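Below is one structure, written out as structure tokens; comments come after it.
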Amino acid sequence: MKFFPHYQTSVLTILGTAATAATAQNIVDLSTAKWTVSNPVYNISVPGSVPSQVHLDLYREGIIPDPYFGLGDFELRWVTYENWTYEAPLHGLDSSSEASTWLLFNGLDTFTSIEVCGQHVASTNNQFRQYYFEISSILSTCSSDPTLSINFGSAVNISAAIASEPGQETWPNDGVEGLFEFPNRQFIRKEQSDFGWDWGPAFAPAGIWQPAYVIQLADSEIYVRNTLLDIYREGQLNNLPPDQSASWVLNASLDVIGNIPSSAELKIEILDINNSTVADGSLGNITTSGSTITGSVAIDGEACQLWWPKGLGPQNLYYFKISVVDGSKTLASVTKRSGFRTIVLNMTPISASQLAQGIAPGNNWHFEINGHEFYAKGSNFIPPDAFWPRVTQERMEQLFQSVVDGNQNMLRVWASGAYTPDFIYDIADEMGVLLWSEFEFGDALYPVGQDFLDNVREEADYNVRRVNHHPSLALWAGGNELENLELPEAEAADPNNTRWVNEYEKLFLDVLVPAVFGNTKSISYIPSSTTNGYLELNFSLPVPIIERYNNETPGSIYGDTDHYDYDSTVAFNLSSYPVGRFANEFGFHSMPSLQTWQQAVSPEDLHFNSSVIQLRNHHYPAGGPFTDNFANSSKGMGEMTIAAEMYYPTPYHSDSIANFSAWCHTTQIFQADFYRSQITYYRRGSGLPERQLGSLYWQLEDIWQAPTWAGIEYDGRWKVLHYIAKDIYQPVIIASYWNYTTGDLTAYVTSDLWTPASGSATFAWYGYDGSLLAPPSTVDFTVGALNTTQVFAGSTSTLPFDLRHAVMKMNITAAGALPNTDETRVFKHEYYFHDLLLGEASLVDPGLTLSYSEESGNFTVEATSGVAAWVWLDIPAGTLGNFEENGFWLVPSDGPREIGFTLKSDESGGKWVKGVTIGSLWNNTLP
Ligand code: BMA
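Residues -24 to -1, 1 to 903, numbered by mature numbering (1 follows the signal peptide of the UniProt record, and there is no 0), are exactly what the sequence shown covers, in order.
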């Protein structure tokens, strides 16, 4: 790897010396200070911590019970309505008069008044900004030992006060406000789901939620508080596919506390993952403006190993050490781990050659990594906890391991949580998970007063710069469900008024486009998660994006899709699914497992419709009304019940806990079944005129223990959905597509490999007793790169047997190569077609057997006397891990099937193995 001289101001140095020694700044990490948190109204004063939040400190000190237990969501609202003060003496400061002293906060949640030595320093009102304040003069007048005191105002009260200010903005439509939520979230810059969401509780926490420091600098010293690193192809423009043969350009920009001398320069050293220097030199085009220094350099691409998402190639990473130097002195240096890749959301018009391939006219809407189209497989990531400070590295590594084990390569980081911390991007960089990232706005229209917009500008600028170096960063989107929901609703309620679209564009184009395009060339931007894309992208305009909205030509296909339908009677009607270029969210809720419920509710509440369980369901009925009443909370429960009763035998076990557990599980089966139907439909679209290239279901994981759309429960346990998604996100799959009105039945093989794969498909009809109803048939197929091919066509109206008594097993074996490999691999997949109403099917006892081998650590299962539908291996409470597969079907002729297991944590001392149980849908029919 080498730098190109024309980007440099000085002679380039390859394999040169390391940077000189660091400087003598004094940095006090405020997590080491002795904090108290107090509230005078309740006469509470207890030890506090940083980073933390009030609820976490009160819980640790025994003042409140576990906020996640029972009805803590409601019972602890008094905490939220109060103001809280965090206070600590400042030790370890250098009292010499030369030092300038600063407070640096990477995150304050949210409304604060900050004092040092009883003197006001500043007030803050944005959870997502980094704040820094000079306190040198206050310290010099401090009569006693300095004390830092931060008073947090109640976000719920303050947002209500802001909402009722005279002249405050109102909208013709309400934002989405679910059951049991605090109102007015759109007026403040705080995690929007902190006020409650349809999958989460409303704690609206407060506290110093990110690291905080005191920084002391001598006259010429500087401290790097944020770093932008942008690696792109020369000539690259946002939202457009770059020339992959162009050289790489690295742009670095450091934001500092202190003064950067005008003679300062930037040096760079690139190291491989083993810390060997692969290149070093100086950056050119240096500009210094106040407290920011920027420079760039071109890099010869030959030796740069590309970074790829999981499944598409290796995750090559490098360290980039950037130093600010002035003559022979190194003023500061910072190291960021990054990689070489281009990622673009291509929304260009469908070209003539694409039309000639049979792609429907309109615009593209797909991602390209390093110039390759690929199929994005994944889900939506929500805040993994209502209290971020307790989200640990270990928990996130475990979660992301489940993501990659589940064959997912992309997560959409949903727009109304918090900007993802760097350590999570780091995990995604290492594991190869692309993170479609969003600004924190969702399901509401937002104020556009100058103060609000200025506040957002700071927040956006800080976060775009902070995370841009992560190769996993895939996209910036302005917010959640704005163009497809909030804006049209406002326009429908107040027709012919252009105010709503103008205001929308003020925030999501005029403010956020410069925040992205002004800082990075490597990342694409869309204003709304669901969008028809642009009508025009013109970089000679002040804001280069002109939105398409509903300016559509009939017969053309444009954007991505969002699909929810809580009428489960049409769940498997394929014509009810949207046809688009990409599915960015779709779903249906289900109950968590009994094991998870036991962590959160008392034994007497373990009934499907107990008040506690109903009140933890925050899903409102489709179409509203979104009011705070108990009757509505039963609707979400009702939707799950109706679906379970319609499609499956429903449990009626005499043991009430077993019955509850089976009901929970049956709602998970419906959820998984419905998602599989949509995922196969969207994936098949990769080879149909819509050229559909992505499926991200709603939602990856849970924020707490409750009925939600998640595929992974709060503690990491996989629901049926995560197993089924793993199965159907394999590279080469077979699936059936049934029009139950006409009886037309087809099957397709779909592949997201980048080269063709060939193999054969076998189809066999079985009775539920395991007997073959007809001789199996086999066809050979070749499926193209990122394509689909039909391998079966028939009709269920001409079958010689009743569909209620038969299942068709289809399985494929195909040879193909994974992207970026030459090695041929064998891909296998199986799929069962059956009547939708399994409650009416002639299920028999499948005679399931289960054994475990200490030696291999594998389980062996077999259906000895009939077809086993939705086989489920269950792990006891206290143990966490996942099977290689689960939720599958078995026929007796399959013989024994060995299934691997990965243990993640265990509190049973190994006894869990004996607690593993096996069952299938047949168990629902047992008393
Ligand atoms: C969409 C999402 C989320 C929501 C989910 C389930 O609205 O964008 O806001 O939680 O559906 O209702």
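The C-beta atom is built at its ideal place from N, Cα and C for all residues, glycine as well. Predicted, not measured: the structure shown is a model, and the values here were computed from it.
Between the alpha carbons of K880 and G393 lies a gap of roughly 27 Å. Minimum Cα-Cα distance from V440 among the listed residues Q377, G338, A453 corresponds to A453. Residue pairing by DSSP places W741 opposite M784 in a beta bridge. Going by C-alpha positions, T626 is about 12 Å away from L813.
Per DSSP, G48 is one residue of the alpha helix (DSSP H) stretching across 48 to 51.
Every beta strand (DSSP E) stretch that sits fully inside the segment 327 to 359 and reaches 3 residues is listed by chain position as 342 to 345, 352 to 357. When DSSP reads this structure, L866 sits in a beta bridge with A844. Check the Cα spacing between A436 and each of L824, A791, F104: the tightest is with F104. Only residues of its own chain outside the window of five on either side were considered, and among them W888, G891 have a CB closer than 6 Å to the CB of P852, listed in chain order.
As the crow flies, the alpha-carbon of P159 is around 46 Å from that of I710.
Y480 and F428 have their alpha carbons spaced roughly 13 Å apart. Assigned with DSSP and collapsed to three states, H31 falls in helix. When DSSP states are grouped into helix, strand and coil, T529 belongs to the coil group. The Cβ-Cβ distance between V225 and V200 does not fall below 7 Å. The C-alpha of I894 lies about 57 Å from the C-alpha of Y108. In this structure, the straight-line span from the alpha carbon of G260 to that of S516 is close to 25 Å. Cβ atoms of S884 and G857 stay farther apart than 8 Å, at about 11 Å.
Taking all protein chains shown into account, F399 has fewer than 16 neighbouring C-beta atoms within 10 Å of its C-beta and is therefore exposed. At the C-beta level, A733 and V708 come within 7 Å of one another. Close CB contacts of Q574 within its chain, under the 8 Å cut and outside five residues either way in sequence, are with L582, A853 (chain order).
Around the beta-carbon of I246, 16 or more other beta-carbon atoms lie within 10 Å, marking it buried. For the ligand BMA, a non-hydrogen atom lies closer than 6 Å to the CB of E457. Under the DSSP assignment, A404 falls in the alpha helix (DSSP H) whose first and last residues are 398 to 407. Taking the CA atoms as reference points, P503 sits about 9 Å from N456. In the DSSP annotation of this structure, N102 is not part of any alpha helix (DSSP H), being labelled neither H nor E. S125 is positioned such that its CB atom lies closer than 7 Å to that of E91. T56 and Y828 have their C-alpha atoms roughly 50 Å apart. The way I'd put it, the segment 178 to 187 doesn't touch the segment 195 to 215; fewer than three beta-carbon pairs between them come closer than 8 Å. Closer than 6 Å to some heavy atom of the ligand BMA: that describes the Cβ of D174. Contact between the segment 307 to 316 and the segment 273 to 286 is present, with at least three C-beta pairs closer than 8 Å. Under the DSSP assignment, D882 falls in the beta strand (DSSP E) whose first and last residues are 877 to 882.
Under DSSP, I521 takes part in a beta bridge, and its partners are L513.
Taking 6 Å as the cut-off, one finds at least one heavy atom of the ligand BMA near enough to the beta carbon of W674. Taking C-beta atoms as the reference points, N834 and E874 count as a pair closer than 7 Å. Going by DSSP, E110 is part of no alpha helix (DSSP H) but of the beta strand (DSSP E) stretching over 107 to 110. Here the segment 712 to 723 makes no contact with the segment 335 to 342; the two share fewer than three CB pairs at distances below 8 Å.
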